[in-house]
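In my numbering, the protein residues as written are -16 to 158.
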């Protein structure tokens, strides 16, 4: 009987901490990683990240995918990224301490324990020139990383793939 009461007390404490928002203060997100995107990017040793970039910027790692490119404006892609993020548990963060200009920063938290993950996007502006695709081929690099832990059990990859599939369907095309 004592064990049951003990479990009820612990469950009550967890519910109070979890659903009052107190746990978000206990697990601060800190500053975003501010990764330098490119083939020679310095990637974390821990397996708690996922990366998406165009093929010419994609580092050699099993925790990456090629990002889609779109025949659209940078503003249209930005709008769709921001609109679809909440459907995947992410919140756009503005005025991020340590953030770089020209990047979008999203904060995601796991459903039960509210562990924070940073999702950072650098939009790649279209090439200007005279070619057929010049001026309208917009892409991006994305880096999603858990703040705590050495392995994210594939959570960043699952969220990134689902989100980008949603973005591709909303944009109407992707390559």
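Cβ coordinates follow ideal geometry from the N, Cα and C atoms, glycine included. What you are looking at is a predicted structure, and each value in this text was computed from that prediction instead of being measured.
For residue 74, the uninterrupted beta strand (DSSP E) run begins and ends at 73 to 76, by DSSP.
Per DSSP, residue 133 lies in no alpha helix (DSSP H) and is assigned neither H nor E. Taking the Cα positions, residue 13 is about 9 angstroms away from residue 81. In this structure, residue 148 keeps its C-beta atom at 7 angstroms or more from the C-beta atom of residue 139. Our two residues, residue 18 and residue 40, have alpha carbons roughly 13 angstroms apart in a direct line. In the three-state reduction of the DSSP assignment, residue 40 falls in the helix class, which pools H, G and I.
Secondary structure of residue 20 (DSSP, three-state): coil.
When the Cα atoms are used, residue 76 and residue 98 turn out to be separated by approximately 16 angstroms. The distance from the Cβ of residue 35 to that of residue 154 is about 15 angstroms, inconsistent with a contact at the 8 angstroms cut-off. Contact between residue 53 and residue 124 is absent: CB atoms are separated by about 14 angstroms, not below the 8 angstroms threshold. Beta-bridge pairing by DSSP links residue 48 to 35. Shown here, residue 97 sits in coil according to DSSP, grouped into three states, outside any helix or strand.
For residue 87, the uninterrupted beta strand (DSSP E) segment begins and ends at 86 to 92. For residue 154, the uninterrupted alpha helix (DSSP H) run begins and ends at 138 to 154, by DSSP.
Under DSSP, residue 104 takes part in a beta bridge, and its partners are 87 and 125.
Cβ-Cβ distances below 8 angstroms link residue 120 to 52, 53, 54, 109 and 110 in the same chain, with the five nearest sequence neighbours on each side left out; the list follows chain order. Distances from the alpha-carbon of residue 107 to those of 96, 87 and 101 put 87 closest.
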